[in-house]
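K.L.:
Counting in this note's numbering, the sequence shown runs from 1 upward without gaps.
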Amino acid sequence: MRAAVVNIILNLVLAGVKILTGFFGNSYALIADGIESLLDIFSSTIVWGGLKIGSLPPDDNHPYGHGRAESLAGMMVSVTLILAAFGIAAHSIQEIFVPHHAPAAYTLFVLTGVIVIKEMMYQFLWKTGNDIKSLSVKVDAWHARSDALTSLAAFIGISIALLAGKGYESADDWAALFASGVILFNGSKILRSSIGDLMDSAVSPETENAFKDIARTVPGVFDVEKCRIRKSGLNFFVEMHIVVDGDIPIKKGHQIAHDVKKALMDSDPHILDVLTHIEPHEYN
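(1) Buried or exposed: where does Phe155 fall if 16 or more other Cβ atoms within 10 Å of its Cβ makes it buried?
(2) Using the beta-carbon count (16 or more within 10 Å), is Asp247 buried or exposed?
(3) Quick one, are the C-beta atoms of Ala7 and Leu191 less than 8 angstroms apart?
(4) In this structure, does DSSP put Leu198 in helix, strand or coil?
(5) If you draw a straight line from the alpha carbon of Asp273 to that of Val238, how long is it in whole angstroms?
(6) Might you give, ordered along the chain, the residues of its own chain that have their beta carbon closer than 7 angstroms to the beta carbon of Arg145, omitting 5 neighbours on each side?
(7) Suppose contacts are defined by Cβ-Cβ distances below 8 angstroms. Is Ile319 in contact with Ala84 by that definition?
(8) For Pro205, does the count of other Cβ atoms within 10 angstroms reach 16, so buried, or fall short, so exposed?
(9) Round the Cβ separation of Gly25 and Thr107 to the nearest angstrom and send it over; I've been treating them as touching at under 8 angstroms.
(10) Please report the distance separating the alpha-carbon of His277 from that of His254.
(11) Determine, using beta carbons only, whether Asp342 and Ser37 come nearer to each other than 8 angstroms.
(12) Kindly indicate the opening and closing residues of the alpha helix (DSSP H) around Asn209.
(13) When DSSP labels each residue in this structure, what does Asn61 get in the three-state scheme?
(14) Between which two residues does the beta strand (DSSP E) holding Ser267 run?
(15) Where does Phe236 sit, in a helix, a strand or coil, going by DSSP?
(16) Near Thr112, what residues of its chain come up, given a Cβ to Cβ distance below 8 angstroms and the 5 sequence neighbours on each side ignored?
(17) Among the candidates Pro269, Gly50, His66, Gly49, whose CA atom is the shortest distance from the CA of Pro57?
(18) Pull the bridge partners of Lys231 from the DSSP assignment, please.
(19) Short of 6 angstroms in beta carbon distance, which residues of its chain neighbour His143, apart from the five on each side in sequence? Order them along the chain.
(20) Secondary structure at Val243, three-state DSSP: helix, strand or coil?
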C-alpha cells in the first residue's frame, strides 16, 4: 500500500508540472501527458483501496476472503488506461489539423526529468508487484511506464518540431497519437489478465508444478494425481488429489493429508487453504 501512496503523491506533482508547462510552452503532447498523470492518481487510489480491502480476513459472508477486490482494482485501472488512450488519440487527431506554433524549447528539459522519474517509479512498482504477487500493483507499474512512454513520444515530437522548423509544428501531436496506441495495447493486455483472475483462469504451469513438487516431498505421498489452484487477489486456494498406500489405516491417510497441507502453507504465506483428497495407490 505504501507504493500506491508514493505513486499518488508523485503523480500529483508531475501532473501539475506537465500541464502548466504544456499550457505555457504550447505543447498539447505535454498537456495530454499531464492529463494521463491525473488518471494515474485515480488508478493508484483504486489500487490502494483494492489492496486494503483485499487484505481483510475471511468472514461469514466471504469465506474465501476479499482477495478478488485486488483483481477488480486491476480491471478498473486497466479500463482507465484504455479510456485515456482513446481520449489522447481523439485530441491528438484534432490538434494535428489545427495550425499552431511549435512548442517551446524548455519543455524538453521538463520531459527529460519526467521520463527519468516515471521509469524509476515503474521499476519500483513492478518490483513491489512481483514481491507481493499483486496484479493491480503491476497494472499501476504499467501506468507509470505508459506515462514514461507518452513523455518520451512527446520529447521526440517536440524535438522534431523544433529542429525541422516550419511545417513540422504538429510533430508532438503525432507523437501523442503514437503514445496513445502504446497505452491502448498495454491497457488491453492487462485487462485480459485481470478478467482471467476473476474468471478463475489456471495459474502458470510453473506455479502448479512447484506446489506438486512440495507435496511429493511429504513422506507417504507416492504422487499427485490432480492439482487445482484458485487465485484470489494475492492469495491461493489449493485442491489436491494425492496418491498414498491403499492399505494404510484411514487415520494414517488423514495424517499424510494434513502433512501435505502444512507443507504447502508453510512454503508460501499466500496459500490460505489446502483441500486434500486421498487416492489409493494400486499395486500391480
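The beta carbon of each residue, even a glycine, is placed where N, CA and C say it ideally should be.
P.N.:
In this structure, then:
(1) The residue given as residue 155 occupies position 155 in the sequence shown. Flag for Phe155 reads buried.
(2) Start at 1 with the first residue of the sequence shown, and residue 247 comes out as number 247. Exposed, because fewer than 16 other Cβ atoms sit within 10 Å of the Cβ of Asp247.
(3) Taking the first residue of the sequence shown as 1, we reach residue 7 at position 7. Taking the first residue of the sequence shown as 1, we reach residue 191 at position 191. At residue 7 the sequence reads Asn, which differs from the Ala that was named. No.
(4) Along the sequence shown, one-based indexing puts residue 198 at 198. Three-state DSSP puts Leu198 in a helix.
(5) Here residue 273 corresponds to residue number 273 of the sequence shown, with the count starting at 1. Here residue 238 corresponds to residue number 238 of the sequence shown, with the count starting at 1. Cα to Cα, the separation comes out at about 6 angstroms.
(6) In the sequence shown, the residue the question calls residue 145 occupies position 145. Excluding residues within five positions, the ones whose Cβ falls inside 7 angstroms are Tyr122.
(7) With the chain represented from 1 up to 284, any question about residue 319 goes unanswered, as that position is not in the structure.
(8) In the sequence shown, the residue the question calls residue 205 occupies position 205. The residue in question, Pro205, is exposed, as its Cβ has fewer than 16 Cβ neighbours within 10 Å.
(9) Reading the sequence shown from its first residue, position 25 is the one you call residue 25. Reading the sequence shown from its first residue, position 107 is the one you call residue 107. Confirmed, Cβ separation roughly 4 angstroms.
(10) Position 277 of the sequence shown, counted from the first residue, corresponds to residue 277. Position 254 of the sequence shown, counted from the first residue, corresponds to residue 254. Cα to Cα, the separation comes out at about 9 angstroms.
(11) This structure cannot settle anything about residue 342, because the visible part of the chain is limited to 1 through 284.
(12) Position 209 of the sequence shown holds residue 209. It spans 205-216 - the alpha helix (DSSP H) in which Asn209 sits, taken as one unbroken run.
(13) Along the sequence shown, read from residue 1 onward, the residue named residue 61 stands at position 61. Coil at Asn61, not helix or strand.
(14) As a first step, residue 267 must be located in the sequence shown, where it is residue number 267. Segment 250-267 is the alpha helix (DSSP H) holding Ser267; no beta strand (DSSP E) there.
(15) One-based indexing of the sequence shown puts residue 236 at position 236. Looking at Phe236 - three-state DSSP - the assignment turns out to be strand.
(16) The residue labelled residue 112 in the question sits at position 112 within the sequence shown. Around Thr112: Phe155.
(17) Walking along the sequence shown from the start, residue 57 turns up at place 57. Cα-wise, what sits closest to Pro57 is His66.
(18) Against the sequence shown, residue 231 aligns to sequence position 231. Per DSSP, Phe236.
(19) By 1-based counting over the sequence shown, the position of residue 143 is 143. Cβ neighbours of His143 beyond the five flanking positions: Asp40, Ser43.
(20) Locating residue 243 in the sequence shown gives position 243, where the first residue counts as 1. Val243 falls in the strand class under three-state DSSP.
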